[in-house]
Amino acid sequence: MTPALITAESVSMRFGGLLAVDDVDFELAEGAIASVIGPNGAGKTTLFNMLTGLYRPSAGRITFRGREISRARPDRITAMGIARTFQNIRLFPTMSALENVMVGQHARMRAGLFGSILRPPWVRSEERRVRERGCELLAYVGLAEGLFEDRASNLAYGDQRRIEIARALASEPAVLLLDEPTAGMNPSESANLTAFIRKLRDERGLTVLMIEHDMKVVMGVSERITVLDHGLKIAEGTPAEVRGDPRVIEAYLGVAGEPGS
């Protein structure tokens, strides 16, 4: 059996009187492509925020490669090997596509404040490598070379998504968390992204976890699916198991039918 890379044990997240995530157990196997789904307000992004250190669980425990990260800072979690994108794209709008990706490599850079000011030869050499690496990643995610130096805010929505994924890859993660990666995409773009997610796992050995509302994408690429509703985990399993689960059907539709149908 493939060992769990990330484990959440009985995690809860409370905001005042609201219990956004309620006693959820979750495992992400190494090398898997998995999804977390559920209606709006189910607790999906809250779970992501706990896994990446933006929120500290009100209760429970989260581990990465056996090491507890429940109270770790987001930058430390990134340095350990967990990267993410956001539902609402968070690029630096006045920076170029390439500069946005270069920023994503800071966790792996040796140059600190004084090195950046004094700029000895090894710092300049590192900056060249960072730039070259940024160009490689932008090409890998499919951004046209002619757009590398364009301001991020001037680029099309789909291109901004590519930049955000490239920036996440720049930290050399073991796990990539994608929050609504196909939001705002047309069917052709969504299909291309589905193929790209498989490519990330197959070529780079990444473990991928995503939140996604497009059930065609979820069912087409996921090997395991976790379903949340009102903060509770109501189902978990393969796409076939989840698709036919009465609790999932009720949560999505309130009547008999198939999620996403």
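Numbering (our numbering), first residue to last: 2 to 262. Cβ coordinates follow ideal geometry from the N, Cα and C atoms, glycine included. Keep in mind the model is a prediction, meaning the values are calculated, not measured.
Pairing K234 with E127, the inter-Cα distance amounts to about 45 Å. Around the Cβ of P58, a 10 Å sphere holds 16 or more other Cβ atoms; the residue is buried. By the CB criterion at 8 Å, A236 and I164 fall outside the cutoff. Contact between H214 and E181 holds, with the beta-carbon distance rounding to 7 Å and staying under 8 Å.
The C-beta of F49 has 16 or more other C-beta atoms within 10 Å across all chains shown, which makes the residue buried. If you look at M14, you'll find it in the beta strand (DSSP E) that goes A5 to F16. Bounds of the alpha helix (DSSP H) holding I78 are P75 to M81. The criterion of a C-beta distance shorter than 8 Å is not satisfied by G185 and Y141.
Counting only runs of 3 or more residues that sit fully inside the region 226-252, the beta strand (DSSP E) segments are 233-238, in chain order.
Residue range A98 to V104 is occupied by the alpha helix (DSSP H) that includes M103, with no beta strand (DSSP E) assigned at that position. Take the alpha-carbon of G135 and the one of Q106: they are about 8 Å apart. E100 sits buried, since 16 or more C-beta atoms from the chains shown fall within 10 Å of its C-beta. Between the region 70-77 and the region 30-37, the count of Cβ pairs shorter than 8 Å is below three; the stretches do not touch. The Cβ neighbour count for D26, taken over all protein chains shown within 10 Å, is under 16; the residue is labelled exposed.
Comparing C-alpha distances from P4 to each of N41, D23, T47 and G67 shows the shortest one belongs to G67.
Minimum Cα-Cα distance from H231 among the listed residues L6, G44 and A30 corresponds to G44. Counting only unbroken stretches of 3 or more residues, the beta strand (DSSP E) elements lying wholly within the region 45-70 are 60-65, in sequence order.
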